[in-house]
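Visitor: Residue numbering for the sequence shown follows my numbering, starting at 2 and increasing by one per position.
Submitted below is the structure of interest, expressed as structure tokens.
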Amino acid sequence: LGNKGLDPTIHTVFYYGWISAISTGFGVLPLCFVREMKEYWVGVSNAIAAGMMCAASYSLFVEGCTFHDDNDDSTISPVIRTAIGCAMGLLFILGTKSFLDSHEDVKVGSLSGADTRKILLIVFVMTLHSFSEGVGIGVSFGGEHGNELGVFISASLAVHNIPEGLAVAIVLLPRKVSKATAAIWCVVTSLPQPLMAVPAFIFVHSFLPLLPVGLGFAGGAMMWVAFMELLLEAYEDTDMVTTGVASTLALGVMLAVQRTIEDNH
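See below:
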């Protein structure tokens with residue numbers, strides 16, 4: 002995937018950022034074989050998406066709290082920075098939800114009302130969390146291990162983005178969004194990855210102290226949406242047991258996938 006001997010360039014970083022972003026669109030593929038979803042299966046889908054988002058949030062929190070880099074010159078511990086980011090993320094998503102709720106006439110294509118607000122909130126949260134992933138790509142290329150670590154992080158994120166794309170798709174498709182449109186929305190949620198990777202690579206020392214804050218911010222926002230939006234809706238469409246089992250299984254599988262990626266590093 003990359004040449005260990007060569008120093009990474011801006012073009013290299015941008016290229017790998019795009020590979021990572023485009024892979025999110027592949028999350029739609031498993032759903033291409035589903036014709037129509039009844040309300041019960043919409044609920045199950047929401048529970049699965051919630052489980053996946055909880056796993057992603059957990060990983061973001063762990064990554065933020067255990068963050069260590071010799072070039073990080075901040076005097077505040079990574080745990081506190083992650084906690085500050087989490088609180089900011091929660092406040093931000095509450096403000097966003099309040100704004101969307103007060104604009105009930107919001108429309109996206111043929112969708113309007115509650116469906117549009119739900120879709121915008123989920124797309125918004127997944128896009129937010131891509132900012133920290135983009136910074137992660139740039140910082141990894143700009144660090145002491147350069148190309149080798151950068152290529153690994155990008156490849157890991159590309160694999161990791163496919164189930165995240167699936168989490169977005171299983172929220173969009175039951176709301177009459179076409180598969181092609183859902184794939185585009187999935188890629189849109191990852192656009193900050195190539196866009197943030199380049200400045201983070203160029204100004205790596207400036208971005209390092211802020212990385213735990215960004216990870217906490219994204220984790221807090223995503224956790225709120227998983228619990229307060231998707232799990233509640235899943236419970237309304239199914240029942241407590243189905244919601245619990247589906248979300249727990251999705252959480253376990255996603256964490257296992259993330260652990261496998263890490264263990265192969």
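All C-beta atoms in this analysis are idealised placements derived from N, C-alpha and C, irrespective of residue type, glycine included.
Since Leu231 and Asn47 are thought to touch, with beta carbons under 8 Å apart, how far apart are those beta carbons, to the nearest angstrom?
Guide: So it is a contact: roughly 5 Å between Cβ atoms.
Visitor: Can you check whether the C-beta of Val214 is within less than 8 Å of a C-beta belonging to chain B?
Guide: Checking the listed chains, one finds no chain B in this structure; it contains a single protein chain.
Visitor: Using alpha carbons as the reference points, say which of Arg118, Leu91, Val63 and Leu192 lies closest to Phe1.
Guide: Only positions 2 to 266 of the chain appear in the structure, and residue 1 is not among them; the question remains open.
Visitor: Taking the beta carbon of Tyr41 as the centre, do at least 16 other beta carbons fall within 10 Å, making it buried, or is it exposed?
Guide: Its Cβ having fewer than 16 others within 10 Å, Tyr41 is exposed.
Visitor: Give every residue of the same chain whose Cβ lies closer than 7 Å to the Cβ of Phe27, excluding the five residues on either side of it in the sequence, and list them in chain order.
Guide: Cβ neighbours of Phe27 beyond the five flanking positions: Ile163 and Gly166.
Visitor: Can at least three beta-carbon pairs, one atom from the stretch 64 to 80 and one from the stretch 235 to 248, be found at a separation below 8 Å?
Guide: Counting Cβ pairs under 8 Å, fewer than three are found: no touch.
Visitor: Would you mind sorting Arg260 into buried or exposed? The rule is 16 or more other CB atoms within 10 Å of its CB.
Guide: Exposed, since its Cβ has fewer than 16 Cβ neighbours within 10 Å.
Visitor: Flag this pair as yes or no: are the beta carbons of Leu209 and Asp70 separated by less than 8 Å?
Guide: It is a contact, given that the beta carbons lie within the stated cut-off.
Visitor: Is it buried or exposed for Val152, if we count other Cβ within 10 angstroms and need 16 for buried?
Guide: Classification of Val152: buried, given that the 10 Å Cβ count is 16 or more.
Visitor: State the DSSP-derived secondary structure class of Asn72, mapped to helix, strand or coil.
Guide: Three-state result, Asn72: coil.
Visitor: How big is the Cα-Cα spacing for Gly220 and Pro200?
Guide: Taking the straight line joining both Cα atoms gives about 22 Å.
Visitor: If you draw a straight line from the alpha carbon of Lys1 to that of Glu37, how long is it in whole angstroms?
Guide: Here the chain covers residues 2 to 266 and nothing more, so residue 1 does not appear.
Visitor: Where does Ser179 fall in DSSP's three states?
Guide: In this structure, Ser179 counts as coil in the three-state DSSP scheme.
Visitor: If you draw a straight line from the C-alpha of Gly215 to the C-alpha of Arg82, how long is it?
Guide: If you take the alpha carbons of Gly215 and Arg82, they lie about 9 Å apart.
Visitor: Using the C-alpha atoms, what's the distance from Ile49 back to Val43?
Guide: Taking the straight line joining both Cα atoms gives about 10 Å.
Visitor: Excluding the five sequence neighbours on either side, which residues of its own chain have a C-beta within less than 8 Å of the C-beta of Val136, listed in chain order?
Guide: For Val136, where only same-chain residues beyond five positions count, the Cβ hits under 8 Å are Met197, Ala198, Ala201, Phe208, Leu211, Leu212 and Gly215.
Visitor: Can you tell me whether Glu40 is helix, strand or coil according to DSSP?
Guide: In the structure shown, Glu40 sits in a helix (DSSP, three-state: H, G or I).
Visitor: Using a Cβ-Cβ cutoff of less than 7 Å, which residues in the same chain neighbour Val29 once the five nearest sequence positions on both sides are dropped?
Guide: Gly166, Ala170, Lys180, Ala183, Ala184 and Cys187, listed in sequence order.
Visitor: Could you tell me which of Ile262, Gly245 and Gly217 sits nearest to Phe228, measuring between CA atoms?
Guide: Per the Cα distances, Gly245.
Visitor: Which residue wins for smallest C-alpha separation from Gly65, given the options His12, Val80, Phe34 and Thr10?
Guide: It is Val80.
Visitor: Mapping DSSP to helix, strand and coil, what is Leu2?
Guide: Because Leu2 sits at a pLDDT of 48, beneath the cut-off of 50, its placement in the model cannot be relied upon, and the following sentence gives the value as read from the coordinates. Three-state result, Leu2: coil.
Visitor: If we call anything under 8 Å between Cβ atoms a contact, is Phe218 one with Cys55?
Guide: Not closer than 8 Å, so no.
Visitor: With DSSP run on the structure shown, which of helix, strand or coil describes His104?
Guide: DSSP places His104 in coil when its eight states are reduced to three.
Visitor: Go ahead and label Arg134 buried or exposed: buried means 16 or more other beta carbons lie within 10 angstroms of its beta carbon, across all protein chains shown.
Guide: According to the sequence shown, residue 134 is Glu rather than Arg. Buried, since its Cβ has 16 or more Cβ neighbours within 10 Å.
Visitor: In three-state terms, what does DSSP make of Leu150?
Guide: In this structure, Leu150 counts as helix in the three-state DSSP scheme.
Visitor: Residues in the same chain with beta-carbon distance under 7 Å from Lys98, minus the five sequence neighbours each way, listed in chain order, please.
Guide: The answer, listed in chain order, is Leu122.
Visitor: Exposed or buried, what is Ile94 when buried is set at 16 or more other beta-carbons lying within 10 Å of its beta-carbon?
Guide: With 16 or more Cβ atoms within 10 Å of its Cβ, Ile94 is classed as buried.
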